[in-house]
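The opening residue of the sequence shown carries number 1 in the UniProt record's numbering; numbering runs sequentially from there. Just so it is clear, CB atoms sit at the ideal spot from N, CA and C, and this is done for glycine as well. What you are looking at is a predicted structure, and each value in this text was computed from that prediction instead of being measured.
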Amino acid sequence: MPEPKSEASRILGGRLRERRLALSLNQETVAHLAGLNVSNYARIDRGHGNPTFHTLIRLATVLGMEPSELLIGFTTAHLPPTRDSYTALDFRREQEAHAVQRR
Numbered sequence: 001m002p003e004p005k006s007e008a009s010r011i012l013g014g015r016l017r018e019r020r021l022a023l024s025l026n027q028e029t030v031a032h033l034a035g036l037n038v039s040n041y042a043r044i045d046r047g048h049g050n051p052t053f054h055t056l057i058r059l060a061t062v063l064g065m066e067p068s069e070l071l072i073g074f075t076t077a078h079l080p081p082t083r084d085s086y087t088a089l090d091f092r093r094e095q096e097a098h099a100v101q102r103r
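This is how it looks when you write it as structure tokens:
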């Protein structure tokens, strides 16, 4: 089985699977109720998918959860590495430094 795309995917899948099993539901039922393709939901449930915002809301609703319960505690440390970790705050600081230099 392939490795999860990220630690966040693995954790999210675990949260969904735990809730699904607590409700005694199978993947097919959850997928159907959420309007998802079964194989797409199965990838998310196994921690290999990267669901959209709308999909997260649908899944949370089907499973009787708040979307925040699925996302709580995540930070960028849970995401795959990126080429650039430049933040909006870094950008603003750089703009302000250039503005000061032009004066």
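Open item on the list: According to DSSP, is residue 160 part of a helix, a strand, or is it coil?
Closed with: With the chain covering 1 to 103 only, the question about residue 160 has no answer from this structure.
Task: Cut-off 6 Å between Cβ atoms - residues of its own chain near GLU94, not counting five sequence neighbours on either side - done: Mapped onto the sequence shown, residue 94 falls at position 94. Hits under 6 Å: none found.
Open item on the list: When you compare the segment 72 to 79 with the segment 7 to 24, are there three or more beta-carbon pairs, one atom per stretch, that lie closer than 8 Å?
Closed with: yes
TODO: Rank HIS98, LEU59, GLU69, VAL100 by C-alpha distance to the C-alpha of ASP45 and give the top, closest one.
DONE: Working through the sequence shown from its first residue, we reach residue 45 at position 45. The option with the nearest alpha carbon to ASP45 is LEU59.
Open item on the list: I need the straight-line Cα distance from LEU25 to PRO67, nearest angstrom please.
Closed with: The sequence position of residue 25 within the sequence shown is 25, counting from 1. The sequence position of residue 67 within the sequence shown is 67, counting from 1. Each residue's alpha carbon lies about 19 Å from the other.
- [ ] Assuming LEU23 contacts LEU70 (C-beta within less than 8 Å), just tell me the rounded distance between them.
- [x] Walking along the sequence shown from the start, residue 23 turns up at place 23. Walking along the sequence shown from the start, residue 70 turns up at place 70. Contact between LEU23 and LEU70 does not hold, since the beta-carbon distance rounds to 15 Å and is not under 8 Å.
- [ ] With a floor of 4 residues, list each alpha helix (DSSP H) that falls wholly inside the UniProt domain "HTH cro/C1-type" (16 to 70), ordered by position along the chain.
- [x] 27 to 34, 38 to 45, 53 to 62
TODO: Name the two residues that bound the continuous alpha helix (DSSP H) containing PHE74.
DONE: The count along the sequence shown starts at 1 and reaches residue 74 at position 74. Premise fails: PHE74 is in no alpha helix (DSSP H) and is neither H nor E.
Open item on the list: Are the CB atoms of LYS5 and PRO51 within a distance shorter than 9 Å?
Closed with: Position 51 of the sequence shown, counting from 1, holds the residue named residue 51. Position 5 of the sequence shown, counting from 1, holds the residue named residue 5. Cβ distance not < 9 Å, so PRO51 and LYS5 don't count as in contact.
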